[in-house]
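*Asks:* Submitted below is the structure of interest, expressed as structure tokens.
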Amino acid sequence: MMAKTTIFLALFLLLLLPAKIIGLWWAVRSPFHLDQNKICKVSRKFAGVTYAVTQACSMGELLQCGCDDEVSRHAGSNSTWEWGGCADNIEFGYQKSKEFMDAQDKRRSDIRTLINLHNNEAGRLAIKKNMRIECKCHGLSGTCTVKTCWQKMPVFRFVGNRLKEKFNRATEVIGGNDGNELLPEGETIKPPTDEDLVYTAKSPDFCEPNRRVGSLGTGGRNCNNTSLDVGGCDQLCCGRGYKEETITVTENCKCRFHWCCVVNCDTCTTKKTIHKCNGYRS
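Residues -23 to -1, 1 to 259 in mature numbering (1 follows the signal peptide of the UniProt record, and there is no 0) are what the sequence shown spells out, letter by letter.
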């Protein structure tokens, strides 16, 4: 039974990162320093652990927990529906993630630790603060005489999008004099909430080659001239513009299977139009 849970957790840790951030990572080959990019890795990991543990509870994969019946006992009901079903046990997932994943950082006391703990919590809250109510109707001939509802975690793509929004608005911080708080870098910036992401150093400029951080830059990179995402020419080329090229491609075509067991293909030559980012300004 634990083997399933382990696999389930591993899959979430592998698939957590929102598609847009994955694209950004691919585009710039970011090594994830303790900067804006680092916080993506941290927050997604802790959101994923919370999500995986909570869902394992609902699926009966863990002996220590099950569905959350505290919701139905304390939330009451109204005239149109009643609590029931299997509510996701977010409190158990939240607490176990916090106990297990924060333990190492709690043994240290420095600004890196404060930032790690803050972003750990932001990842968990991206799930906990966005729980939704899911309902099912019961009645004859499709009527909704009785409606049973339960709390459900949001789909993880929603969580990923929330973290992406927080990533885009992350706050640069410095350590407070007491060593126990984080203060925004700048007097006019409001302090970050528990759900915001924070960092201490700006990301390196990955548009230009940078051996120190392992970035090859984006000059000469293939790009998509119709995409508005990170692989699109407007973003990937960092404002340098791009050029269009027509290339000749030779590839296998009209492949046929002959019994048994050979595949014969013709060779076809086609012309394709590609787009590449312009080189670097001297």
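From the three backbone atoms N, C-alpha and C, an ideal C-beta is built for every residue, glycine too. Quick caveat, the model's predicted, so the values are computed rather than measured.
Cα separation between tyrosine 176 and alanine 147?
*Replies:* On the sequence shown, residue 176 is found 199 positions in, with the first residue counted as 1. On the sequence shown, residue 147 is found 170 positions in, with the first residue counted as 1. Answer to the nearest angstrom: the Cα atoms are 7 Å apart.
*Asks:* My output table needs one value for arginine 109: the three-state DSSP class, helix, strand or coil.
*Replies:* On the sequence shown, residue 109 is found 132 positions in, with the first residue counted as 1. Reduced to three states, the DSSP call for arginine 109 is strand.
*Asks:* Would you mind giving the Cβ-Cβ distance between glycine 62 and lysine 113, rounded to the nearest angstrom? I have them listed as a contact below 8 Å.
*Replies:* What you label residue 62 is simply residue 85 of the sequence shown in a count that begins at 1. What you label residue 113 is simply residue 136 of the sequence shown in a count that begins at 1. Right, their Cβ atoms sit about 7 Å apart.
*Asks:* Taking C-beta to C-beta, are serine 20 and asparagine 96 nearer than 7 Å?
*Replies:* One-based indexing of the sequence shown puts residue 20 at position 43. One-based indexing of the sequence shown puts residue 96 at position 119. Yes, these two residues count as a Cβ contact at 7 Å.
*Asks:* Could you compute how far the alpha carbon of methionine 108 sits from the alpha carbon of lysine 249?
*Replies:* What you label residue 108 is simply residue 131 of the sequence shown in a count that begins at 1. What you label residue 249 is simply residue 272 of the sequence shown in a count that begins at 1. Answer to the nearest angstrom: the Cα atoms are 47 Å apart.
*Asks:* Looking at the ligand ATP, does it come within less than 6 Å of glycine 163, judged from the CB to the closest heavy atom?
*Replies:* For the structure depicted, the ligand ATP is absent and the ligand set is empty, with no information on it obtainable.
*Asks:* Can you look up isoleucine 92 in the DSSP assignment and give me helix, strand or coil?
*Replies:* Against the sequence shown, residue 92 aligns to sequence position 115. Correct three-state label for isoleucine 92: helix.
*Asks:* Looking only at its own chain, which residues have a Cβ that is under 7 Å from the Cβ of methionine -23, when we skip the five neighbours before and after it?
*Replies:* The residue you call residue -23 lines up with position 1 of the sequence shown. Because methionine -23 sits at a pLDDT of 40, beneath the cut-off of 50, its placement in the model cannot be relied upon, and the point is left open.
*Asks:* Measuring CB atoms only, is the region 99 to 107 touching the region 70 to 77, in the sense that at least three cross pairs come out at less than 8 Å?
*Replies:* Touching, yes, given that three or more Cβ pairs across the two stretches are closer than 8 Å.
*Asks:* In this structure, what does DSSP give as the bridge partners for lysine 124?
*Replies:* Looking up residue 124 in the sequence shown gives position 147. DSSP output for lysine 124 lists Cys114 as bridge partner(s).
*Asks:* Three-state secondary structure (DSSP) at arginine 198?
*Replies:* Counted from its first residue, the sequence shown places residue 198 at position 221. Of the three classes helix, strand and coil, the one that applies to arginine 198 here is coil, per DSSP.
*Asks:* State the Cα-Cα distance for the pair glycine 196 and valine 190, rounded to the nearest angstrom.
*Replies:* Reading the sequence shown from its first residue, position 219 is the one you call residue 196. Reading the sequence shown from its first residue, position 213 is the one you call residue 190. Near 16 Å, if we compare the C-alpha coordinates of valine 190 and glycine 196.
*Asks:* Please report the straight-line C-alpha distance between glycine 216 and glutamate 164, rounded to a whole angstrom.
*Replies:* Translated into positions along the sequence shown, residue 216 becomes position 239. Translated into positions along the sequence shown, residue 164 becomes position 187. Roughly 31 Å separates the two Cα atoms.
*Asks:* In terms of residue numbering, what span does the beta strand (DSSP E) encompassing leucine 159 cover?
*Replies:* Numbered from its first residue, the sequence shown carries residue 159 at position 182. Residues 159 to 161.
*Asks:* For the beta strand (DSSP E) containing isoleucine 251, list its first residue and its last residue.
*Replies:* Looking up residue 251 in the sequence shown gives position 274. Where isoleucine 251 is concerned, the enclosing beta strand (DSSP E) stretches over 239 to 254.
*Asks:* Give every residue of the same chain whose Cβ lies closer than 8 Å to the Cβ of arginine 160, excluding the five residues on either side of it in the sequence, and list them in chain order.
*Replies:* Walking along the sequence shown from the start, residue 160 turns up at place 183. Per the sequence shown, the amino acid found at residue 160 is leucine instead of arginine. Val150, Ile151, Gly152, Gly153 and Pro168.
*Asks:* DSSP puts tryptophan 60 in a beta bridge; with which residues?
*Replies:* In the sequence shown, the residue the question calls residue 60 occupies position 83. In the DSSP output, where bridge partners are listed per residue, tryptophan 60 has Cys126.
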